[in-house]
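S.K.: One structure is given below, represented as structure tokens, and several questions about it will come after.
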Amino acid sequence: MTFLKPNKWNDFSKLFRFDRLALSSAVRTVAAALVPLIIARLLGQGNFGLLMALAGLNVSRTDPGGPYRAKAQAMTLAILGVALSAFVATWASTAGWWAVPLVFVWGFAGGLAGGFGNTSAIVSFAFVQIFVITVGLPGGGPEAAPEHFLACLIGGLWAMVLSLWLWPLVPYRPIRESVADYYQAISKYIEEICRFSQDGKASEALTKNRSAAFEARHRATGFLISSRASRQGGSRLSRNLLTLTVNGGELFDNALRLAHELEIATGHSQYEQVRPQVEKVSRELTAITARISLLVRTGGGDMALENLEQAIAEFSDKVTGIRQQSVNLEADYASIVDFRNTVYAFENMAGIVRTATEIARDLEETAPPPRPAYPEIQFENRRFSKTLDTLRDNLTINSLIFRHALRLGLLTALAVTLYLALDLTHGYWITLTVVVILKPDFGGTFKRTYYRVIGTVVGGIVGAVLAATIHFDPLIYLLMAVLGVLAFAQLPSNYGLFVVLLTPFVILLIDLSQPGNWEVALIRILNTVVGGLLALAASYVFLPGWQRRFLPEQLGRTIGANRVYFGEVMAVYLGRELNPVRLLKARENANIETANAETAFQLLLSEPKRQQANVPHFYALVTYNRHFLDSMTTMAAHLPQFSGQHRLAGLDNYVARIITILEQLEGSVRRGEHPGQPPALEDSVRAVQAAMRKLSSSRIAELKDNLAGPPDTSNRQAIFDFAAVTRVMERLSQDISMMFREQNQVNPEE
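Taken in order, the sequence shown gives residues -15 to 734; the numbers are from our numbering.
Shown next as structure tokens:
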């Protein structure tokens, strides 16, 4: 396991490459803690300032990002929860052993609240963290509870002011940032596709950038939904940002289609003739998409698309030249069709970026755009009933969330019992370590324990040296500011380095009230090790949630979501009118469930070897589901150009067979059963391919008779309509057969 990133220590500068948003968030977090602390100390209210700093630090970390309204709601809840937690914990801190059941209640409730989404998880984490710290601080009791409540209230409000002060000035800034990040992620994905076109090999970076683009789309869509759900219609800027997000989705889907087209095209011997044109178009698309991101982020500016259009025209002319110079049109026709479909993919992407550019040039003044291809989502006010349903579903021992909440409550209570019985100095660090590193899964807990313990040892040594040698308060404040900003800027990407930098920050914070007390670093190291060992042991032996038990259910949901998406896409090719909303929901659900399966498999790999099972087979099932999803996205991206005027013989039977087979496979995977041999698909595939060959033969005859100017006939349109379908049919059938084979090798007893 690598502790610090990157692996090459001689390139130290890479350790401190900050994301701009992470850096600005780190500055706000440190300001939320240090400013009230310094002011309170100057006024002689050190303990009051410490509580304000802790509250500011925790409330600042509950900022979920996204629209200001969502940030305000989350942080307001955090302020009230943190202040209430401090009040109750301060009152209980002198109640002796009565503090133990209260800690259990707070830990259990906090763990259970984590099942209601990411915002609930980070807010509940702040509640629990403040509670376990305050219950262990000296100077508590009922008489100090109101003062601590007030300190946390003021500190939390100050943190919220820092996060929201730009709301009246630039109300749509977070949404603009999310849309800009989406286009930037698409740009990086297209760039990787360009590299793929150079060597014909799919890289790990291509998969990574595809996942990053999907996450950016999910985030941008979520920001817009939460922003527009509270207002009827929204502003002109909001509508333009919505259209940009929809266009980005179409661009991303067409990028997936492009990757698939190039995977096929690079297999033809004539590809070397068109490689320079493909690479030129890809580079232009990459640059333009990145430029759109910049326009959305900053506003204003202009951009020319002539180079892109010229590059696509050159590619199209090159394909035409290959066709005209072909001496054996029957042999070369398949490669010509594939090259032409790559041209169509590029042309479609160029049209999308052209529309996006027109809107991004001046978001504020641009007239309202046409209604997006995918109608806006209708919002239902069912939050309370949905919350009750979620709570009811998780109140069972079979729930991963319930087991985690119970484990967290019992372990925090045990930690408090331990440091009360042994009268340990700063014993609350044991409880705090448990809260921070205990995760619902063993793999996550093990990883956090590793980083937390090693990072605390390294950072503790640094902190001890600083505490022993520096006694000038202004210099301590400066060091804390630098260490804090560096630490919290690393939190999103490098938890190990975050802990290394945070530990001396905390030690210096304590040193302000106890100057020169470097021994506190050793106490923190010891208590962190104890807390880490407790969390690790509990995660392994107490109601563990091994992924080998849950992954089959998740894989079943993934297969089911892909089956629904397949049905929605193929229904249009069979003649049903396109329903954009249903298609959008099916696509998003398939993407989410596929991503969930990939995450679950990674968690499986992080668990002890003896608890792993069927790893190669689960990996294959996850991989083939991703292949299947990408193939479906390729066909879905073609639907806007589908004429709907033709039918392909045998396609209806093929679709029905695929759906039936996937239903069978889904049930077998969920139950952990062997599905047996996959039902034969060869006959239905051959029937569709025969119909396509008939169309191709007719088209080849037309081309031979009209080499100078090929006619635009119904055969040409039919081939264009169904080429995407027939090219992926064999791949879909192969993916399904391989999933059957892998599931047949799964050992249900492992």
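Note that CB positions come from ideal geometry on N, CA and C, so glycine has one too.
Rounding to the nearest angstrom, what Cα-Cα distance links residue 729 and residue 637 in this structure?
M.R.: Along the sequence shown, read from residue 1 onward, the residue named residue 729 stands at position 745. Along the sequence shown, read from residue 1 onward, the residue named residue 637 stands at position 653. Answer to the nearest angstrom: the Cα atoms are 29 angstroms apart.
S.K.: Taking three-plus beta-carbon pairs below 8 angstroms as touching, is the region 394 to 409 in contact with the region 510 to 523?
M.R.: Output reads yes: the region 510 to 523 touches the region 394 to 409.
S.K.: If you run the structure through DSSP and keep just helix, strand and coil, what is residue 117?
M.R.: Numbered from its first residue, the sequence shown carries residue 117 at position 133. Helix, per DSSP.
S.K.: To which residues of the same chain is residue 409 closer than 6 angstroms at the C-beta, ignoring the five residues directly before and after it?
M.R.: Along the sequence shown, one-based indexing puts residue 409 at 425. Closer than 6 angstroms at the Cβ level, and outside the excluded window around residue 409, lie 507.
S.K.: Please classify residue 597: does DSSP put it in a helix, a strand, or coil?
M.R.: In the sequence shown, residue 597 corresponds to position 613, counting from 1. Note: residue 597 maps to coil in three-state DSSP.
S.K.: Note down the Cα distance separating residue 144 from residue 48, rounded to an integer number of angstroms.
M.R.: On the sequence shown, residue 144 is found 160 positions in, with the first residue counted as 1. On the sequence shown, residue 48 is found 64 positions in, with the first residue counted as 1. Cα-Cα distance, rounded: 12 angstroms.
S.K.: Between 386, 623 and 294, which has its C-alpha nearest residue 563's C-alpha?
M.R.: The count along the sequence shown starts at 1 and reaches residue 563 at position 579. The candidate whose alpha carbon is nearest that of residue 563 is 623.
S.K.: Short of 6 angstroms in beta carbon distance, which residues of its chain neighbour residue 392, apart from the five on each side in sequence? Order them along the chain.
M.R.: For the purposes of this step, residue 392 is identified with residue 408 of the sequence shown, where counting begins at 1. Closer than 6 angstroms at Cβ, skipping near neighbours: 91, 95 and 422.
S.K.: Give me the Cβ distance between residue 518 and residue 395, rounded to the nearest whole Å; I'm assuming they're in contact under 8 angstroms.
M.R.: What you label residue 518 is simply residue 534 of the sequence shown in a count that begins at 1. What you label residue 395 is simply residue 411 of the sequence shown in a count that begins at 1. Indeed, because the Cβ distance is near 6 angstroms, the residues count as touching under 8 angstroms.
S.K.: Measure the C-alpha to C-alpha separation of residue 41 and residue 716 and round it to an integer number of angstroms.
M.R.: Taking the first residue of the sequence shown as 1, we reach residue 41 at position 57. Taking the first residue of the sequence shown as 1, we reach residue 716 at position 732. Roughly 51 angstroms separates the two Cα atoms.
S.K.: Can you tell me whether residue 244 is buried or exposed, with buried defined as 16 or more other CB within 10 angstroms of its CB?
M.R.: As a first step, residue 244 is located in the sequence shown; it is residue number 260 there, counting from the start. It counts as buried.
S.K.: Please report the residue range of the alpha helix (DSSP H) in which residue 721 lies.
M.R.: Residue numbering aside, residue 721 sits at position 737 when the sequence shown is read from its first letter. Unbroken alpha helix (DSSP H) run through residue 721: 698 to 728.
S.K.: Which residue wins for smallest C-alpha separation from residue 161, given the options 58, 529 and 278?
M.R.: Numbered from its first residue, the sequence shown carries residue 161 at position 177. The candidate whose alpha carbon is nearest that of residue 161 is 278.
S.K.: Is residue 76 near residue 110, with beta carbons less than 8 angstroms apart?
M.R.: Taking the first residue of the sequence shown as position 1, residue 76 is located at position 92. Taking the first residue of the sequence shown as position 1, residue 110 is located at position 126. Taking 8 angstroms as the Cβ cut-off, residue 76 and residue 110 do not qualify as a contacting pair.
S.K.: Which residues in the same chain have their Cβ closer than 8 angstroms to the Cβ of residue 138, if we skip the five residues on either side of it in sequence?
M.R.: Residue 138 sits at position 154 when you count from the first residue of the sequence shown. Counting only Cβ-Cβ distances below 8 angstroms, and skipping sequence neighbours, we find 20, 36 and 39.
S.K.: Whose C-alpha, out of 503, 556, 233 and 34, is nearest the C-alpha of residue 340?
M.R.: Reading the sequence shown from its first residue, position 356 is the one you call residue 340. Closest by alpha carbon: 233.
S.K.: Under DSSP, the alpha helix (DSSP H) around residue 532 begins and ends at which residues?
M.R.: Your numbering for residue 532 matches position 548 in the sequence shown. Residues 531 to 557.
S.K.: Count Cβ pairs between the region 590 to 597 and the region 575 to 582 that sit closer than 8 angstroms; are there 3 or more?
M.R.: Touching, no.
S.K.: With a CB to CB cut of under 6 angstroms and the five nearest residues on each side skipped, what residues in its chain are close to residue 307?
M.R.: Looking up residue 307 in the sequence shown gives position 323. 320.
S.K.: Looking only at its own chain, which residues have a Cβ that is under 8 angstroms from the Cβ of residue 611, when we skip the five neighbours before and after it?
M.R.: Counting from 1 along the sequence shown, the entry for residue 611 is found at position 627. Contacts found: 715 and 719.
S.K.: Can we say the region 55 to 70 touches the region 164 to 179, given the rule of at least three CB pairs closer than 8 angstroms?
M.R.: Contact fails: fewer than three Cβ-Cβ distances are below 8 angstroms.
S.K.: Near residue 268, what residues of its chain come up, given a Cβ to Cβ distance below 6 angstroms and the 5 sequence neighbours on each side ignored?
M.R.: Reading the sequence shown from its first residue, position 284 is the one you call residue 268. Cβ neighbours of residue 268 beyond the five flanking positions: 291, 292 and 295.
S.K.: Return helix, strand or coil for residue 82, following the three-state DSSP convention.
M.R.: Residue mapping note: residue 82 aligns to position 98 of the sequence shown, counting from 1. Residue state, collapsed to three classes: helix.
S.K.: Residue 787: which of 252, 687, 14 and 672 sits nearest, CA to CA?
M.R.: Shown here, the chain extends from -15 to 734; a query on residue 787 therefore has no answer.
S.K.: Tell me whether residue 136, by its Cβ, gets closer than 7 angstroms to a heavy atom of the ligand SAM.
M.R.: This structure does not include the ligand SAM; it has no bound ligands of any sort.
S.K.: With a cut-off of 8 angstroms on the beta carbons, I'd call residue 575 and residue 613 a contact; round off their distance for me.
M.R.: Residue numbering aside, residue 575 sits at position 591 when the sequence shown is read from its first letter. Residue numbering aside, residue 613 sits at position 629 when the sequence shown is read from its first letter. Yes, they are in contact, since the Cβ atoms of residue 575 and residue 613 sit about 7 angstroms apart, within 8 angstroms.
S.K.: Please state if the CB of residue 488 and the CB of residue 439 are separated by a distance shorter than 8 angstroms.
M.R.: Position 455 of the sequence shown holds residue 439. Position 504 of the sequence shown holds residue 488. No; because the gap between Cβ atoms is not below 8 angstroms, this pair is not in contact.
S.K.: Taking 7 angstroms as the limit between beta carbons, can you name the residues of its chain near residue 46, skipping five residues before and five after?
M.R.: Taking the first residue of the sequence shown as 1, we reach residue 46 at position 62. The answer, listed in chain order, is 58, 59, 62, 106, 107 and 110.
S.K.: What does the alpha-carbon distance come out to for the pair residue 678 and residue 688?
M.R.: The residue you call residue 678 lines up with position 694 of the sequence shown. The residue you call residue 688 lines up with position 704 of the sequence shown. Those two C-alpha atoms are separated by around 16 angstroms.
S.K.: I need the boundaries of the alpha helix (DSSP H) containing residue 55, first residue and last residue.
M.R.: Start at 1 with the first residue of the sequence shown, and residue 55 comes out as number 71. It spans 52 to 76 - the alpha helix (DSSP H) in which residue 55 sits, taken as one unbroken run.
S.K.: Check residue 238 in the structure and name its three-state DSSP category.
M.R.: As a first step, residue 238 must be located in the sequence shown, where it is residue number 254. Correct three-state label for residue 238: helix.
S.K.: Taking all protein chains shown into account, do 16 or more other C-beta atoms lie within 10 angstroms of the C-beta of residue 407, making it buried, or fewer, making it exposed?
M.R.: For the purposes of this step, residue 407 is identified with residue 423 of the sequence shown, where counting begins at 1. Counting Cβ neighbours within 10 Å, residue 407 comes out exposed, since fewer than 16 surround it.
S.K.: Closer than 8 angstroms by C-beta to residue 102: which residues in its own chain qualify, once you throw out the five before and the five after it? Chain order, please.
M.R.: On the sequence shown, residue 102 is found 118 positions in, with the first residue counted as 1. Result list for residue 102: 48, in chain order.
S.K.: Do you know how far the Cα of residue 648 is from the Cα of residue 654?
M.R.: If you number the sequence shown from 1, residue 654 lands on position 670. If you number the sequence shown from 1, residue 648 lands on position 664. Distance between the alpha carbons of residue 654 and residue 648: 10 angstroms.
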